[in-house]
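Asker: Numbering of the sequence shown is given in UniProt numbering, commencing with residue 1 and proceeding in unit increments.
No residue lacks a Cβ here, since even glycine has one placed at the ideal position from N, Cα and C.
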Amino acid sequence: MSMLIYPTAAKALPPTLSYADVERKRSFKPLQTFADEVDRVFRYPCSIRRMLKMSAAMKDQFREKLQKSDACMLPSYCRSAGSDGMIIHHMTSNKIDEPIRRLRGTLFFEWMAAKIQAMLAECLEARPKDQVIALGLTWSFPLEQTSYRTGKIQAMGKGFQCAHDNLGADLAALLENACTTLGLAVRVEAIINDGAATLLSQAYLEPTTSMGLILGTGTNAAAFLPTLSMGRSKFGLRSPSWFTRAEKVIVNTESSMFGGGILPRSNWDEVLNRNHALPDFQPLEYMTTGRYLGELMRLIVLDAVQSCNMFGGTIPAELLEPYSLDTAILAQIEEDQSSDMKDTSVLLVQAFGLLDPPSRSSSHSYVWWPTRYPGEHQLTWQSRFMLCGAYKRKLRSHRNRPLRQRKHQLLATAV
Numbered sequence: 001m002s003m004l005i006y007p008t009a010a011k012a013l014p015p016t017l018s019y020a021d022v023e024r025k026r027s028f029k030p031l032q033t034f035a036d037e038v039d040r041v042f043r044y045p046c047s048i049r050r051m052l053k054m055s056a057a058m059k060d061q062f063r064e065k066l067q068k069s070d071a072c073m074l075p076s077y078c079r080s081a082g083s084d085g086m087i088i089h090h091m092t093s094n095k096i097d098e099p100i101r102r103l104r105g106t107l108f109f110e111w112m113a114a115k116i117q118a119m120l121a122e123c124l125e126a127r128p129k130d131q132v133i134a135l136g137l138t139w140s141f142p143l144e145q146t147s148y149r150t151g152k153i154q155a156m157g158k159g160f161q162c163a164h165d166n167l168g169a170d171l172a173a174l175l176e177n178a179c180t181t182l183g184l185a186v187r188v189e190a191i192i193n194d195g196a197a198t199l200l201s202q203a204y205l206e207p208t209t210s211m212g213l214i215l216g217t218g219t220n221a222a223a224f225l226p227t228l229s230m231g232r233s234k235f236g237l238r239s240p241s242w243f244t245r246a247e248k249v250i251v252n253t254e255s256s257m258f259g260g261g262i263l264p265r266s267n268w269d270e271v272l273n274r275n276h277a278l279p280d281f282q283p284l285e286y287m288t289t290g291r292y293l294g295e296l297m298r299l300i301v302l303d304a305v306q307s308c309n310m311f312g313g314t315i316p317a318e319l320l321e322p323y324s325l326d327t328a329i330l331a332q333i334e335e336d337q338s339s340d341m342k343d344t345s346v347l348l349v350q351a352f353g354l355l356d357p358p359s360r361s362s363s364h365s366y367v368w369w370p371t372r373y374p375g376e377h378q379l380t381w382q383s384r385f386m387l388c389g390a391y392k393r394k395l396r397s398h399r400n401r402p403l404r405q406r407k408h409q410l411l412a413t414a415v
């Protein structure tokens, strides 16, 4: 995660902010002052002493939710780590972009079924049409599991909206019905959370593994915990015989939901949370993950425009759109060590609709030379683009960017 500018106090820009008009000030803060202040904002609250204090407070939250919560600390039906002998024959992946995240009702499951159909066409061409395909499903969201193969859908984060019309619905039935519509005979045989799947995959190699940690678009953790450490109501209608065999159980902690009132929020964190469809739903996730780090950086950039007159007070229209700055761009900036930063330039051109790519000036700052935008607006402006900014050379030898460092410290605190 790359973070090369460091403002201090984020102020939400006016809702009516237009393409070319940013609130002007008669006096502007120097960029170096801006950088020093945000450095303190992200680093100061995460000293070792404060991290230990936050960790103790989060432990109290964990203990409370272990006893009573329908949203987190969810026990699975897995009470062992399994065995070896499984072989992957075919693998494929599909990007889930914003339009897919916004699908509601059965549309999201119809999209999943179409991807299953496409994969089966590649790897099981000769299968009988009436052959029932056993499917294992990893679900990266909260789920009230009612058996090995069924579970009730709960509220979903990371921008996904299909739960809005499906709260409490059976996950297996939704996916099986969508597959049936396409003529696929699919039966969901097992459902598992992504954190639990991560734990199990390592447990095949090292049986003493006790925790799985997800760090990606979102964050989560799963852990082997004693069944006696959890409130009995957490287990639903499981038979007494199940408990005689289950000394420990894999628990989906939904750790992203913890940290409210404990983790130190900057003003940018407050703006992001306030404007989120589910404010306060996943405090840890909003501050540390791939879904949100780009948006935090976008808010910082807009604050720099407002406070320091960066870009001369003018910015690309695309950057005014929430979540338009993908964290993948920041990762590319972090990795790009070339003198001309060509790969980064390509990403910026694509992301913000530029007709001319940025170039490097002799001062080692990233500059938008007379840059044109498609459409009726024809602007000429050049300014230091602080994502790749004037501190690039300095930061090559100083890898702990404040935003990235805070992410690591808060995740370590939660673990």
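#1: Counting Cβ pairs, one atom from each stretch, are 3 or more of them under 8 angstroms apart for the stretch 248–262 and the stretch 51–67?
#2: Can you grab the Cα-Cα spacing for the pair F311 / V305, in whole Å?
#3: Using the DSSP secondary-structure output, state which residues sit across from E321 in a beta bridge.
#4: So the alpha helix (DSSP H) N267 belongs to, where does it begin and stop?
#5: Looking at A134 and R187, is the spacing between their C-beta atoms short of 7 angstroms?
#6: Applying the 10 Å Cβ sphere with the 16-neighbour rule, what's the burial state of Q131?
#7: Specify the secondary structure class of L293 as computed by DSSP and reduced to three states.
#8: Thinking just about the alpha-carbon of each residue, which of F28, T33, R40 is nearest to the one in Q405?
#9: Distance check for A412 and S140, CA to CA, integer angstroms please.
#10: I'd like the ranges of any alpha helix (DSSP H) spanning at least 4 consecutive residues and lying wholly in the UniProt domain "Hexokinase N-terminal" (93–204).
#11: Would you check if the stretch 104–114 and the stretch 155–162 touch, i.e. whether three or more CB-CB distances between them fall below 8 angstroms?
#12: Taking C-alpha atoms, which residue in Y323, H89, N273 lies nearest to G294?
#13: Is it true that the CB of L347 sits closer than 7 angstroms to the CB of Q337?
#14: Determine the extent of the alpha helix (DSSP H) in which T244 is found, giving its start and end residues.
#15: Whole angstroms are fine: how far does the CA of L184 sit from the CA of D170?
#16: Considering only their Cβ atoms, is the gap separating P142 from residue 420 smaller than 7 angstroms?
#17: What do you get for I214, buried or exposed, if any count of 16 or more other CB atoms within 10 angstroms of its CB means buried?
#18: Can you look up K59 in the DSSP assignment and give me helix, strand or coil?
#19: If contacts are defined as beta-carbon pairs under 8 angstroms, then A223 and S210 qualify, I think. What distance do you get, rounded to the angstrom?
Answerer: In short:
#1: Short answer: they touch.
#2: 6 angstroms
#3: For E321, which the question treats as bridged, DSSP gives no partner whatsoever.
#4: 267–275
#5: yes
#6: exposed
#7: helix
#8: Out of F28, T33, R40, R40 has the C-alpha closest to the C-alpha of Q405.
#9: 21 angstroms
#10: Taking only runs of at least 4 residues, the alpha helix (DSSP H) segments lying wholly in the UniProt domain "Hexokinase N-terminal" (93–204) are 98–101, 107–123, 171–181, 194–203.
#11: yes
#12: Y323
#13: With respect to the 7 angstroms criterion, Q337 and L347 are not classified as neighbours on the basis of their beta carbons.
#14: Here the alpha helix (DSSP H) through T244 covers 240–245.
#15: 19 angstroms
#16: Only positions 1 to 415 of the chain appear in the structure, and residue 420 is not among them; the question remains open.
#17: Buried, because 16 or more other Cβ atoms sit within 10 Å of the Cβ of I214.
#18: helix
#19: 6 angstroms
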